[in-house]
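Note sheet for the following structure.
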Amino acid sequence: MRELQTGLWHWEASHPEWTPANTEGWGPEVSSYAIDDGERLLLIDPLVPPSEIEELAASRDTAIVLTNPWHERDARGLVERLGAAVFVPRPDEFNDDVAWLRDDLERLEKEGQVFSAGDRLPVGVEVFPGRLRNDLVLWVESRRAIIVGDTLVDRGGGLELPADWLPAGVTREQGVEALRPLLELPVELVLPTHGAPTDRAALEHALS
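Take any residue in the sequence shown, count from 1 to its spot, add 526: that is its number in our numbering.
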């Protein structure tokens, strides 16, 4: 685990479902993040949080924020252990990852925990469009950081918008154009969930 800023941590863990046959180019290690402001702790796309993070969560108002529904990872276990709230983009369907949320969906919607692009979450996160309707980019203004889910990834050649991950009929140029509003933000940190943390220069290159 590495502390990128005071109260902002990054760690990597091996994805349990990774195999060379189903990766679409992403490696076995995936990234997760924790952001602490002294009262609230956000866990972003958490997988196998270090013990120090779980200990901190016990003394904080803890919330889990997913950049997309299939990054559920260890969210269910953390909700059960910590009583954490979970914020999630609306699933296209309840697959195995998020089926446990089905019965709670109406309550989550009423409490503002099911989100889409344009929303401001009560945990200090603003939501921007991403690669898909429910694969979104999270802007944390207090950290000048964006968390980019599966929208921008590093598959070994630097941060990129992977054209082969875009919806059918969407070109890379169209995808880049849709993400250009991110360049208007005072971004200093870019936090991918596939790849290591990077900076504004990498964002500008990925969207060039």
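All C-beta atoms, glycine included, are put in the ideal place defined by N, C-alpha and C. Since we're looking at a predicted model, the values are computed, not measured.
In this structure, V653 sits near S642, with a CB-CB distance shorter than 8 Å.
For P615, the secondary structure class from DSSP, reduced to helix, strand or coil, is strand.
Between the stretch 575 to 588 and the stretch 654 to 666, the count of C-beta pairs closer than 8 Å stays below three; the two stretches do not touch.
Counting every other CB atom within 10 Å of its CB across the protein chains shown gives G701 a total of 16 or more, marking it as buried. Rounded to whole angstroms, the separation of the alpha carbons of A601 and R659 is 21 Å.
Take the alpha-carbon of W552 and the one of W544: they are about 9 Å apart.
Residue pairing by DSSP puts I561 in a beta bridge opposite L534 and L568. If only complete runs of 3 or more residues are kept, the stretch 631 to 690 shows the beta strand (DSSP E) at 651 to 658, 661 to 666 and 671 to 673, in order along the chain.
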